[in-house]
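In this note's numbering, the protein residues as written are 1 to 479.
Note that the Cβ used here is the ideal one computed from N, Cα and C, for glycine as well.
Below: the structure, in structure tokens.
Have a look at this one:
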């Protein structure tokens, strides 16, 4: 089947394919809505057992009420915070035992899986079973939520991150896929699959946006060319091959400099060749052509940042070999000035993104992070407080908030943030170690030696080599 035929079939079925999966609160039956409102009241009173039973009853009757399922999971996590022992039982059979039922009746299987998740809301096997059941029941948003829940509890699980990103791509949501790949790369910048995945997702997001508002004929006219360019971007090429591609694309660009797919491909090739200035020029033009594509906006900012960083790295190397003291001090001052300018620009760009989409907690987090890194802790705090509402940013946000409070010498508030973050982390991964270590240092400033040592001991028992915890713990025993 040709690309045009595929596009034709997709567009003809677009209304059916875009039919919403989820039921909203307003669409609930009267009796279910009453139960749901009682559950919300119970949560406010911290009566989590009662709220969980009510929400499970609602979801048994209306499994497509995704907002209710999200609130149920949140209630389960809050319940677990006051009873951590419940979260240590995650058995390996909790997901496997549902596989037979998923094949026969996936919706009924979901009810049973929810009972398992009540014991351990972040259980990877049970959430994987929920994903399988939701896919079988044609509930893709619920399926995505199941994988996202695993990542919330196990943020270092790159395998699930790749699975969720691929799932978003399969369901034509490249922007969400690109966001997942970006998070994977934050933890492992050398993940080649994530690097390529993020590029492909960003490319498809831009193509999708460029097709919005076009007629059927216009979409078909550009689809074959876009598909060819996307296929080219998937292939690993040598520098000579990339230069050949650039020569070919330069001819196409000369004929039509407003061809978004060509401009993006040129930008991507320059990025792969690490020619940041050229990449920046073409990404910036692609952004203007795309009418405000957020994914391209981030590429522009990233290229500008890489260009500045490369220039500063070069100057720092020159400083090391400079023998003239006056020249060396002059270059050091220039580097300091450039770093300050880079920080100012990062804040400005983050503010502009927030102004374009003020309700996006991810953008609020990025602004808060930029302010934090610039040492502007007072302005960072309100941005991070807003970002905290996103469950996928919550832990990182609380950690950064705690550090803001620490820098402002508001040590009791810092401890409160670290304790809250620690209560929601159950695996001794890198994030939990960072939280415990930071909390230990704050307790140390408060001259609370017992609590400080307890934080370090928890890390010591799991990772002897983490920073200086071994020295701290062993010296407390006189060793």
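Determine the closest residue to residue i out of the options, with distance taken between C-alpha atoms.
i           : options            : result
residue 347 : 325, 374, 76       : 374
residue 435 : 416, 448, 25, 385  : 416
residue 300 : 314, 349, 383, 324 : 349
residue 189 : 158, 203, 239      : 158
residue 382 : 391, 392, 395, 400 : 400
residue 388 : 362, 411, 330      : 362
residue 289 : 256, 313, 321      : 256
residue 35  : 61, 45, 23         : 61
residue 493 : 153, 171, 344, 244 : Nothing about residue 493 can be reported from this structure: the residues present for the chain run from 1 to 479 only.
residue 148 : 314, 386, 128      : 128
residue 76  : 172, 53, 57        : 53
residue 22  : 32, 139, 58        : 139
residue 59  : 103, 150, 112, 186 : 112
residue 104 : 114, 137, 118, 444 : 137
residue 168 : 187, 266, 145      : 145
Could you give the first and the last residue of the continuous alpha helix (DSSP H) run that contains residue i?
i           : result
residue 109 : 106-119
residue 39  : 30-44
residue 290 : Premise fails: residue 290 is in no alpha helix (DSSP H) and is neither H nor E.
residue 136 : 124-136
residue 140 : 140-153
residue 22  : No alpha helix (DSSP H) contains residue 22, which DSSP labels as neither H nor E.
residue 397 : 394-407
residue 456 : 449-462
residue 162 : 158-170
residue 437 : 430-445
residue 181 : 174-187
residue 374 : Here residue 374 belongs to no alpha helix (DSSP H), and DSSP marks it neither H nor E.
residue 271 : 260-272
residue 413 : 411-423
residue 68  : 66-81
residue 249 : 239-255
residue 350 : 325-356
Excluding the 5 residues preceding and the 5 following residue i in the sequence, name in chain order all residues of the same chain whose CB lies nearer than 7 Å to its CB.
i           : result
residue 276 : 303, 306, 307, 310
residue 252 : 259, 262
residue 316 : 335
residue 371 : 347, 379, 380, 383
residue 239 : 273
residue 108 : 101
residue 468 : none
residue 32  : 58, 61, 62
Excluding sequence positions up to five away, which residues of its chain have a Cβ less than 8 Å from the Cβ of residue i?
i           : result
residue 19  : Here the model assigns residue 19 a pLDDT of 37, short of 50, so the residue's position is not dependable and the matter cannot be decided.
residue 228 : With a pLDDT of only 47 at residue 228, under the threshold of 50, the placement of this residue in the model should not be trusted, and no figure is reported.
residue 78  : 43, 46, 48
residue 314 : none
Output needed for residue i: all residues of its chain with C-beta closer than 6 Å, excluding positions within five of it in sequence on either side, in chain order.
i           : result
residue 472 : 456
residue 464 : 470
residue 408 : 377
residue 72  : 55
residue 271 : 279
residue 353 : 363
residue 143 : 131, 134, 135
residue 174 : 201, 204, 205
residue 453 : 476
residue 342 : 308
residue 338 : 312
residue 284 : 300
Taking the C-alpha atoms as reference points, what is the distance between residue i and residue j?
i           : j           : result
residue 334 : residue 319 : 11 Å
residue 38  : residue 51  : 7 Å
residue 122 : residue 163 : 16 Å
residue 25  : residue 274 : 49 Å
residue 110 : residue 125 : 13 Å
residue 427 : residue 156 : 10 Å
residue 141 : residue 332 : 52 Å
residue 28  : residue 40  : 15 Å
residue 249 : residue 394 : 43 Å
residue 295 : residue 326 : 44 Å
residue 358 : residue 421 : 25 Å
residue 161 : residue 182 : 10 Å
residue 424 : residue 398 : 11 Å
residue 67  : residue 386 : 20 Å
residue 391 : residue 451 : 28 Å
residue 459 : residue 412 : 22 Å
residue 368 : residue 356 : 16 Å
residue 418 : residue 396 : 10 Å
residue 119 : residue 291 : 47 Å
residue 264 : residue 178 : 16 Å
residue 165 : residue 151 : 12 Å
Are any of the Cβ atoms in chain D nearer than 9 Å to that of residue i?
i           : result
residue 414 : Absent here is chain D; the protein component of the structure consists of one chain.
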